[in-house]
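Undergrad:
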Ligand SMILES: Cc1ncc(C[n+]2csc(CCOP(=O)(O)OP(=O)(O)O)c2C)c(N)n1
Ligand SMILES: [Mg+2]
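In my numbering, the protein residues as written are 5 to 668.
1. Closer than 7 angstroms: is that where the CB of residue 188 sits relative to any heavy atom of ligand 1?
2. Assuming residue 581 contacts residue 454 under a Cβ cut-off of 8 angstroms, what Cβ separation, rounded to an integer in Å, is found between them?
3. Kindly give me the distance between the Cβ atoms of residue 551 and residue 620, rounded to whole angstroms, as I take these residues to be in contact under 8 angstroms.
4. Taking residue 518 as the reference, give the member of 443, 276 and 652 with the closest Cα.
5. Could you give the residue range of the alpha helix (DSSP H) that holds residue 270?
6. Cα separation between residue 208 and residue 166?
7. Once DSSP output is grouped into helix, strand and coil, what is the label at residue 234?
8. Would you grab the beta carbon distance between residue 331 and residue 507 for me? Rounded to a whole angstrom, and I think it's under 8 angstroms.
9. Cβ of residue 147 versus every heavy atom of ligand 1: is any distance shorter than 7 angstroms?
10. Counting along the chain, where does the beta strand (DSSP E) carrying residue 422 start and finish?
11. Let's test the definition: count the other Cβ atoms within 10 Å of the Cβ of residue 520 and tell me whether it reaches 16, buried, or not, exposed.
12. Run the CB neighbour count on residue 13, radius 10 Å, all protein chains shown included, and call it buried at 16 or more, exposed below.
13. Would you say the beta carbon of residue 126 comes nearer than 7 angstroms to a heavy atom of ligand 1?
14. Can you give me the Cβ contacts of residue 495 inside the same chain, cut-off strictly under 7 angstroms, excluding the 5 residues immediately before and after it?
15. I'd like the list of long-range same chain contacts for residue 6, defined as Cβ closer than 7 angstroms, with 5 residues on each side in sequence excluded.
16. If residue 575 and residue 549 are in contact, beta carbons under 8 angstroms, what's the gap, nearest whole angstrom?
17. Which first and last residues belong to the beta strand (DSSP E) in which residue 574 is found?
18. For residue 158, which of helix, strand or coil comes out of DSSP?
19. Is residue 184 near ligand 2, in the sense that its beta carbon is under 7 angstroms from a heavy atom of that ligand?
20. From the DSSP secondary-structure annotation, give me the bridge partner or partners of residue 610.
21. State the Cα-Cα distance for the pair residue 176 and residue 244, rounded to the nearest angstrom.
22. Indicate, with yes or no, if ligand 2 has a heavy atom lying under 7 angstroms from the CB of residue 156.
23. Given that a residue counts as buried once 16 or more other Cβ atoms are within 10 Å of its Cβ, and exposed if not, what is residue 605?
24. How far does the alpha helix (DSSP H) with residue 523 in it reach, from first residue to last?
25. Cβ-heavy atom distance between residue 253 and ligand 1 below 7 angstroms?
26. Taking just the CA atoms, how far does residue 129 sit from residue 634?
27. Could you give the first and the last residue of the continuous beta strand (DSSP E) run that contains residue 179?
28. Please work out which residues of its chain come closer than 6 angstroms, Cβ to Cβ, to residue 385, disregarding the five sequence neighbours upstream and downstream, and give them in chain order.
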């Protein structure tokens with residue numbers, strides 16, 4: 005393949021480069037002014053001095069390509085073609101903003117130009133870029149994803165995890181490190197043993213080049229070469245652009261870490277002064293042309309200010325829009341064939357995955373040891389042989405990296421199922437789950453969704469001690485933007501996955517480890533089930549026992565024991581922990597007038613606490629007795645069997661709590 009790699013220096017082109025940089029600079033000068041007038045609030049990070057990077061790289065991309073940026077992204081958004089008016093309106097927080105006013109300066113999004121933000125988590129955008137590129141690779145697209153980040157991000161695990169994934173899976177990503185010398189006040193020399201970012205990339209076998217980021221022509225030439233190469237080979241590349249920020253890190257930075265002389269020295273080598281001077285000296289452009297650019301840009305800025313000023317405030321009644329997308333109606337229940345088969349919970353989950361992969365080419369399973377090993381709980385055994393290593397995708401041990409890749413792939417149109425071995429390990433991916441998956445729809449004003457399913461094992465009982473055994477689903481149920489499911493029966497293990505995959509938002513499925521070997525009867529034609537209603541698993545009139553997941557079976561056993569003493573307990577299986585099905589809970593509480601919640605999470609701040617609060621709020625006057633609960637003891641789960649058993653809800657404790665609620 006031949007690509008013109010020589011710098012392009014015809015007049016129209018150099019004027020465009022100069023214009024793009026001046027446009028960013030003047031726009032941000034205005035932003036700084038508007039900030040002092042308190043028109044713009046929050047954090048404002050200016051790109052002053054770094055304009056050559058965005059102006060040199062982004063116009064080289066094609067419309068289909070994708071861009072992931074950081075909180076210092078005004079320049080990237082402008083260069084990508086996001087309108088100046090909507091960008092400024094976003095900083096004002098107006099509904100006409102490019103993210104509907106929901107994101108502000110650090111979260112500019114624009115679906116029309118494939119601009120995926122605006123990410124205020126240092127390093128947080130890298131896994132997302134990995135996933136966007138993974139989707140392109142899997143869908144056979146030739147797009148390039150350009151991922152911008154500061155040199156501070158190279159200390160983050162998300163940088164290393166994504167470098168490795170990108171190199172390993174040959175993902176078409178242009179990594180752009182904007183090395184401006186400081187991460188807030190820290191120079192790399194004070195924080196890194198190896199300060200050469202391009203060398204770090206090379207350690208992952210990623211081609212890398214260091215380029216003078218103050219020279220727009222050099223940046224553009226390097227970008228053209230890199231992007232052509234990525235398109236040609238499909239493999240990632242990294243450009244380390246050596247640049248400098250002239251202004252404070254944000255508007256709240258006293259700049260104690262550097263002296264004025266240093267800034268002044270860099271200003272002299274600034275990208276605009278240098279390029280403009282060189283063009284004028286060499287007669288490539290004339291003063292009038294610069295004046296024209298300045299005048300045009302000034303007019304555009306004035307128009308953008310007028311647009312932002314005239315913008316409207318979103319009504320407070322709309323506060324909770326763009327948290328969740330609109331889910332499709334629940335599936336029609338399959339007509340029972342009458343032929344039941346005995347099946348394990350593990351097999352039911354596997355059948356659900358297999359069924360989803362057959363139904364929809366966009367579905368793939370990804371996680372640690374899901375392929376050759378067959379899954380740490382043997383759920384996916386044999387699936388790699390059937391569907392291939394692309395769709396049953398083993399990942400490195402990098403929870404944040406591959407969960408983020410799932411998020412990006414989902415946002416780009418795939419339907420990934422990410423498996424995390426246990427909820428304890430999911431904490432390594434919490435940033436991606438909470439700060440990206442659960443927020444991107446909202447931050448982008450509804451432009452981007454993450455139809456991703458994450459499955460993980462939860463719960464104690466296998467003597468795996470304190471780092472494998474916790475029940476943290478209640479934590480996840482705290483987070484707006486997520487749906488949280490806890491299938492307790494083989495029917496739900498088989499049926500919830502497909503419905504979850506149809507959901508436009510991230511759905512977390514918690515599989516209690518003690519259930520994998522459980523067997524149950526499943527109709528031969530069992531298929532998708534709803535994911536929004538709690539189920540009454542046993543009817544009763546004396547009190548309501550509310551539970552989910554692994555505790556369901558202990559609770560049903562307790563109900564059986566209570567029945568022998570003449571107590572008719574109703575048992576609710578929550579099934580969905582977020583959003584909670586208040587209607588079913590309240591109807592039962594109103595009927596029985598007493599309730600006990602059984603929750604394998606720790607008592608303090610638990611899901612049980614939330615349910616109790618809701619019952620008190622909504623059904624207090626129906627109650628005849630204080631609410632009760634049976635939770636895990638406030639201890640990291642211990643190893644010895646007798647202590648582990650004592651730490652989590654057990655049948656006798658449930659029976660005792662039920663009796664206490666009845667005053668017996
Ligand atoms: C994970 C995380 N840790 C800390 C911060 C606070 N913080 C915001 S910007 C920043 C410095 C980042 O520097 P760099 O990556 O070099 O980008 P630059 O600001 O120089 O463009 C820090 C520490 C954050 N936003 N995210
Ligand atoms: Mg920096």
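Every residue gets a Cβ at the ideal spot worked out from N, C-alpha and C, and that includes glycine.
Here the structure is a predicted model, which means the values were calculated and not measured.
TA: A quick look at the data gives this:
1. yes
2. Actually they do not touch by this definition, with Cβ atoms about 19 angstroms apart.
3. So it is not a contact: roughly 19 angstroms between Cβ atoms.
4. 652
5. 264-272
6. 10 angstroms
7. helix
8. 5 angstroms
9. no
10. 419-426
11. buried
12. exposed
13. yes
14. 526, 530 and 533
15. At residue 6 the pLDDT is 39, less than 50, meaning the model places this residue with poor confidence; the figure from the coordinates comes in the next sentence. There are no such residues.
16. 5 angstroms
17. 573-577
18. helix
19. yes
20. In DSSP, residue 610 forms no bridge with anything.
21. 17 angstroms
22. yes
23. buried
24. Where residue 523 is concerned, there is no enclosing alpha helix (DSSP H), although the beta strand (DSSP E) it sits in stretches over 523-527.
25. yes
26. 41 angstroms
27. 177-183
28. 378
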